[in-house]
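Asks: Throughout, our numbering is defined as the position within the sequence shown, counted from one, plus 2. Backbone N, C-alpha and C define an ideal beta-carbon position, used for all residues, glycine too. Take this structure first; my questions come after.
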Amino acid sequence: MAKRVFNFYAGPATLPFSVIEKASQAAFEFQGLGLSILEISHRAKEFDQVIKEAQRDLKELMGLGDDYYVLFLQGGASLQFHMVPLNLRVAGKPLDYVNTGAWSKKAIKEAKLLGETRVVASSDDQNFSYIPSKIPVNPDASYLHITSNNTIFGTQFHTIPDTGDVPLIADMSSDMLCKQMDFNRFGLIYAGAQKNMGPAGVTIVVIRDDLVKRAADTTPTMLKYATHVGKESLFNTPPAFSVYVVGQVLKWIQEQGGLAAVEATNRKKAGLLYDALESMSDFYRPTVADKASRSWMNVTFRLPSEDLEKEFVKSALEQDMVGLKGHRDVGGIRASIYNAFPVEGVEKLVVFMKQFREKA
Ligand code: PMP
């Protein structure tokens with residue numbers, strides 16, 4: 003048994019230990035083939051089964067209809083900031099974005115390179131500490147883009163905007179599969195795997211049929227969704243190991259009881275932590291005051307001084323709780339508690355928070 007600490011890092015993040023064990027085994031020898039998953043040809047029938055199963059399991063977990071495709075791409079969510087506008091812009095129709103923080107801004111920057119871009123709602127006025135409650139939908143837009151969970155600022159959409167006929171696009175890098183949702187309301191969803199779904203190196207894209215062929219013929223082959231849809235994500239060599247691990251994480255979610263079970267655990271974990279913050283509000287201050295905007299994945303808070311925050315991170319580390327330092331744009335503390343983060347880790351943090359406050 004390996005030593006395990008509680009990993010509060012924002013990503014790459016904690017994975018289910020059972021998945022790590024399976025991945026270690028597969029790295030050693032895959033399916034009795036006499037080779038490792040690290041060595042397998044992406045054209046081997048055994049790998050074909052891995053990728054197809056992962057695609058099927060993801061669609062099943064998300065409850066997606068036959069009109070959706072699952073792609074495993076490279077380049078991170080950051081490349082999707084460019085691929086989305088490149089493929090989905092329609093001549094004369096602006097690109098609409100909601101700006102809820104640093105990652106939204108990066109997506110907006112790429113869109114601006116490619117067409118008229120409108121920020122239809124923003125929480126910039128209060129340092130991104132809330133999710134705008136009204137999202138205006140312009141019927142003339144090519145699409146509307148949201149960042150469903152804001153990893154740095156600790157906010158999350160808990161209501162999906164109704165965009166009517168305008169395709170809704172979401173960067174779900176940091177909350178993909180964290181709860182039940184009507185995923186069929188989205189035109190395209192993308193997520194770097196390394197928070198809720200697996201290791202770094204693979205980006206999941208879920209795209210609806212009608213959007214696949216929007217791209218102009220002049221779009222570079224590798225950057226065109228149609229290329230990857232046409233070849234079922236095997237146009238070129240995929241990151242086989244990362245895809246394998248994502249597949250195992252999907253099976254782990256199924257074993258938990260699917261998204262309903264994962265959601266119940268995530269509610270419990272976030273509830274424990276936010277309740278602790280509320281009950282010790284003389285010492286800890288959540289950076290997201292608006293309860294309806296609080297992220298279940300990244301819980302951000304401040305202490306009375308920066309010195310105390312440094313001391314908090316250091317003392318937590320001594321108790322095997324790593325990665326609690328907040329992002330430099332927000333400061334303070336950030337506890338990232340993604341799907342695979344265990345309830346016991348949150349309980350331990352809460353006990354530690356009480357002790358730390360008493361001692362300070
Ligand atoms: N979007 C969000 C919401 C993120 O949290 C991150 C990574 N922290 C990214 C995009 C960028 O992802 P990648 O590193 O896979 O490009």
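1. What number of angstroms, rounded off, separates the C-alpha of LEU66 from the C-alpha of PHE185?
2. Flag this pair as yes or no: are the beta carbons of ILE191 and VAL208 separated by less than 8 Å?
3. Given the structure, does ASP331 come close to the ligand PMP, in the sense that its CB is under 7 Å from one of the ligand's heavy atoms?
4. Give me the DSSP bridge partner(s) of LEU190.
5. Would a C-beta distance cut-off of 8 Å place LEU310 and ALA362 closer than the cut-off?
6. Determine the DSSP secondary structure at ARG58, reduced to helix, strand or coil.
7. Roughly how many whole angstroms lie between the Cα atoms of THR234 and TYR70?
8. Under a three-way DSSP split, which group does ASN89 fall into?
9. Can you give, in chain order, each stretch of the beta strand (DSSP E) that sits fully within the region 204-252 and has at least 3 residues?
10. Return yes when the C-beta of GLY200 is under 7 Å from any heavy atom of the ligand PMP, and no when it is not.
11. So which of VAL352, HIS147, GLY34 and GLN158 has the shortest CA-CA distance to LEU170?
12. Any heavy atom of the ligand PMP closer than 7 Å to the CB of SER124?
13. I'd like to confirm something about ASP173: is its beta-carbon nearer than 7 Å to some heavy atom of the ligand PMP, or not?
14. Got a sec? Which residues, its chain only, sit under 6 Å from MET85 by beta carbon, not counting five neighbours each side?
15. For a minimum of 3 consecutive residues, which ranges assigned as the beta strand (DSSP E) are wholly contained in the region 313-344?
16. Here's the rule: buried if 16 or more other CB atoms are within 10 angstroms of the residue's CB, otherwise exposed. What is ARG45?
17. Tell me whether GLU31 is buried or exposed, calling it buried when 16 or more other Cβ atoms sit within 10 Å of its Cβ.
18. Check whether the Cβ atoms of LEU63 and LEU236 lie closer than 8 Å to each other.
19. With the cut-off set at 8 Å, would you say VAL52 and TYR246 are in Cβ contact?
20. Count the C-beta pairs between the region 93-107 and the region 124-133 that are closer than 8 Å, then say yes if the count reaches three, no if not.
21. Once you ignore the five residues that flank GLU265 on each side, which residues in its own chain have a CB closer than 8 Å to its CB?
22. Which residue's Cα is closest to the Cα of ASN151: GLN57, GLY77 and ILE339?
23. Could you check where the alpha helix (DSSP H) with THR102 kicks off and where it finishes?
24. What do you reckon, is the C-beta of SER80 under 7 Å from a heavy atom of the ligand PMP?
25. On the DSSP letters alone, give me the boundaries of the alpha helix (DSSP H) that VAL264 sits inside.
26. Using only the alpha-carbon positions, how far apart do GLU360 and LYS111 sit?
27. Within the chosen definition, does the region 158-166 reach the region 27-43 through at least 3 CB pairs nearer than 8 Å?
28. ILE335 to THR220, Cα distance in whole Å?
29. Given a cut-off of 8 Å, decide if LYS95 and ALA143 are closer than it, judged by their beta-carbon atoms.
30. For HIS147, does the three-state DSSP call read helix, strand or coil?
31. Is TRP254 near the ligand PMP, with its Cβ less than 7 Å from a heavy atom?
32. For ARG216, which option in ILE22, ARG187 and LEU90 has the closest C-alpha, if you only look at C-alpha atoms?
33. Let me check you understand the geometry: is the CB of VAL52 closer than 7 Å to at least one non-hydrogen atom of the ligand COA?
34. So for PHE10, helix, strand or coil by DSSP?
35. Leaving out five residues before and five after ASP284 in sequence, what residues of the same chain have Cβ atoms less than 6 Å from its Cβ?
Replies: So, to answer that:
1. 7 Å
2. yes
3. no
4. ILE171 and ILE209
5. yes
6. helix
7. Note on residue identity: the sequence assigns Glu, not Thr, to residue 234. Near 12 Å, if we compare the C-alpha coordinates of TYR70 and GLU234.
8. helix
9. 205-210
10. no
11. HIS147
12. no
13. yes
14. LEU225
15. 335-338
16. exposed
17. exposed
18. no
19. yes
20. yes
21. CYS180, LYS181 and GLN182
22. ILE339
23. Unbroken run through THR102: none, as it is neither H nor E.
24. yes
25. 260-281
26. 45 Å
27. no
28. 46 Å
29. yes
30. strand
31. no
32. LEU90
33. Questions concerning the ligand COA fall outside what the structure shown contains, since the ligands it does hold are the ligand PMP.
34. coil
35. none
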